[in-house]
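If you count the sequence shown from 1, position 88 lands on 805 in our numbering, and the numbers rise without skipping.
See structure below.
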Amino acid sequence: LQRLNNSVYMYKLTVRPSFGDWPKWVRTTHGDDIFFSLGSMYKVADNFTADDVKAADNMIHIISTFSKTGIPETLDQLPWPKFQDKGQFMDLSVEGYKPEKGILRSECDFWKKVLPFVDGV
């Protein structure tokens with residue numbers, strides 16, 4: 718998308734839902750953002766915390782503003798970097814939201830080395 722001159726934005730959610738069934742040692746999992754972003758946490762849990770509500774309010778706002786304007790925005794209007802060559806993204810955590818770069822860099826470097834070999838098999 719970026720190569721076609723589209724604006725690309727990325728986030729990493731590290732807010733773990735308090736109402737999840739996973740063991741405590743499991744961090745945020747793939748799909749946990751759906752509970753927050755679509756408001757479905759209010760349907761699946763009645764014991765959510767203030768952190769859950771804050772995450773849900775922010776995710777709903779982020780998706781709403783992105784849908785309306787093409788630019789995601791947090792409730793505190795923190796500038797959201799475009800995902801470009803350095804891999805900028807927004808880290809969404811309980812401690813606060815902050816722009817970061819190089820998401821999963823070491824994991825990506827590993828697969829960049831492995832995939833050319835797999836592609837030739």
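By construction, the Cβ of each residue, glycine as well, lies at the ideal position given by its N, Cα and C atoms.
Nothing here was measured: the structure is a model prediction, and the numbers come from that model.
Cα-Cα separation between residue i and residue j, rounded to whole angstroms
| i | j | result |
| --- | --- | --- |
| Gln801 | Pro789 | 15 Å |
| Glu812 | Arg733 | 12 Å |
| Gly756 | Thr745 | 17 Å |
| Ser770 | Lys785 | The amino acid occupying residue 770 in the given sequence is Val; Ser does not appear at that position. Their backbone Cα atoms lie some 22 Å apart in a straight line. |
| Lys829 | Gln794 | 35 Å |
| Asp774 | Asp763 | 16 Å |
| Trp739 | Met758 | 15 Å |
| Ser781 | Cys825 | 30 Å |
| Gly748 | Gly737 | 12 Å |
| Ile751 | Phe827 | 28 Å |
| Val743 | Lys760 | 22 Å |
Proximal residues to residue i (C-beta, below 6 Å), its chain only, five neighbours per side dropped
| i | result |
| --- | --- |
| Met776 | Phe753, Ser754 |
| Ala772 | Val732, Phe753 |
Pair within 8 Å by beta-carbon distance, residue i and residue j
| i | j | result |
| --- | --- | --- |
| Lys803 | Lys815 | no |
| Phe806 | Lys741 | no |
| Leu832 | Thr731 | no |
Identity of the residues DSSP links to residue i by a beta bridge
| i | result |
| --- | --- |
| Phe806 | Glu817 |
Neighbourhood of residue i by C-beta, 8 Å cutoff - its chain only, sequence neighbours within 5 removed
| i | result |
| --- | --- |
| Ser724 | Gly787, Ile788, Lys799 |
| Trp797 | Tyr726, Ile788, Pro789, Glu790, Thr791, Met807, Pro816 |
| Thr766 | Ser735 |
| Ile820 | Met727, Lys729, Gly804, Phe806 |
| Arg822 | Gly804 |
| Asp768 | Val732, Ser735, Val811 |
Contacts around residue i, its chain only, beta-carbon distance under 7 Å, and the 5 residues preceding and following it disregarded
| i | result |
| --- | --- |
| Ile779 | Pro789, Glu790, Thr791 |
Would you list, in sequence order, the uninterrupted beta strand (DSSP E) runs of no fewer than 3 residues that lie entirely inside the stretch 728 to 763?
728 to 730
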